[in-house]
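Shown next, in structure tokens, is the structure this report addresses.
Protein chains in written order, with the numbering used here: chain A, 21 to 119; chain B, 48 to 252.
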């Protein structure tokens, strides 16, 4: 299974330098949403890496789908820590255990 | 609750059996929920550390690639990226935690070797090499974090479902069965009293 990277060319460049070739550079948020929807249904992708800043700008419904997906697992990476998992835990358990 | 039950002794015996069985199931589910939660808490501590490491690794990798871009130029970094022939892949196997199937992610070829980088000694730059190494390190951490995140999500789904089942048994199923039991008992006592009264009336006649 492959590792897919979605984000701006600046974000994907480093991953390309490390050898990843499944890169997507959507031009706007709509294109990004459609790329992520396609990747969610892909059986060849095990991990989807997304820029956490772009992830925060996506529609709420899609964000929920992404955070619930196990195969592929969607990882938000950025200079700020991604809080989607924290939110999922808070919703499921009812308490914020992330401390 | 619709009391469409036959108030007979055999029905009462059946109902008592069902209550006992339901209580057993409730206890087992409660133990499963607690076990899953314990597993979840252990993993969560590791996950918090892994996420922090991931963010730190990304910050470092970003600094390195920015430095490479600034010193070697964007074109050189892009050329080095295109030349890389390494192909990191992940394999997803399955393992079982208390009946919950969770993925076991392992990566192959996550770090590219010098040959795979395809830029040779002359075209190579320490800044680009450092950036490439930092991103290789980041990918390794990503694979670990992805496995843990997927496991946590699966555990969360199972905890939620078990919690709902436990609550349904505790607050809906068992009280309804208990009500039905009380109803049959009261009805049987009532029938017994009616029978005694009828017998007394026959005796008097």
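For each residue, glycine too, the CB sits at the ideal point set by N, CA and C.
Just so you know, these numbers come straight off a predicted model, no measurement behind them.
Under the rule that 16 or more other beta-carbon atoms within 10 Å means buried, what is residue i, buried or exposed?
i              : result
residue 231(B) : buried
residue 61(B)  : exposed
residue 98(B)  : buried
residue 85(B)  : exposed
residue 238(B) : exposed
residue 51(A)  : exposed
residue 247(B) : exposed
residue 129(B) : exposed
residue 87(B)  : buried
residue 79(A)  : exposed
residue 148(B) : exposed
residue 75(A)  : buried
residue 240(B) : exposed
residue 190(B) : buried
residue 243(B) : exposed
residue 67(B)  : exposed
My output table needs one value for residue i: the three-state DSSP class, helix, strand or coil.
i              : result
residue 69(A)  : strand
residue 32(A)  : helix
residue 71(B)  : helix
residue 51(B)  : coil
residue 116(A) : coil
residue 21(A)  : coil
residue 240(B) : helix
residue 109(B) : helix
residue 121(B) : helix
residue 77(A)  : coil
residue 38(A)  : coil
residue 64(A)  : coil
residue 254(B) : The question about residue 254(B) has no answer, for chain B in this structure spans 48 to 252.
residue 213(B) : helix
residue 107(A) : helix
residue 219(B) : helix
Within the same chain, show all residues whose beta-carbon is closer than 7 Å to that of residue i, passing over the 5 residues directly before and after it, in chain order.
i             : result
residue 98(A) : 71, 72, 73
residue 93(B) : 195
residue 31(A) : 71
With a threshold of 7 Å (Cβ to nearest heavy atom), would residue i be considered close to the ligand FAD?
i             : result
residue 68(A) : Annotation note on the ligand FAD: not contained in the displayed structure, which lists no ligands.
Spell out the partners DSSP gives residue i in its beta bridges.
i              : result
residue 44(A)  : 26(A)
residue 95(A)  : 69(A)
residue 300(B) : Since the first and last residues shown for chain B are 48 and 252, residue 300(B) lies out of range.
residue 150(B) : 141(B)
residue 155(B) : 136(B)
Going by beta carbon distance, what residues of the same chain come within less than 8 Å of residue i, once the five residues before and after it are set aside?
i              : result
residue 55(A)  : 26, 44, 46
residue 90(B)  : 195, 198, 199, 202
residue 217(B) : 73
residue 54(B)  : 230, 231, 234, 235, 238
residue 29(A)  : 45
residue 124(B) : 112, 115, 116, 175, 178
residue 63(B)  : 228
residue 124(A) : Shown here, chain A extends from 21 to 119; a query on residue 124(A) therefore has no answer.
residue 116(A) : 106, 109, 110
Can you list, in chain order, the residues of its chain with a C-beta nearer than 6 Å to that of residue i? Leave out the 5 residues immediately preceding and following it.
i              : result
residue 87(A)  : 104, 108
residue 59(A)  : 24, 65, 68
residue 136(B) : 155
residue 84(A)  : none
residue 114(A) : none
residue 139(B) : 150, 152
With three or more C-beta pairs closer than 8 Å as the rule, is the stretch 176-183 of chain B touching the stretch 25-39 of chain A?
yes
Across the stretch 72-79 of chain B and the stretch 204-219 of chain B, are there enough close Cβ pairs to call them in contact, namely three or more that are closer than 8 Å?
yes
Does the stretch 170-177 of chain B touch the stretch 112-122 of chain B, meaning 3 or more C-beta pairs lie closer than 8 Å?
yes
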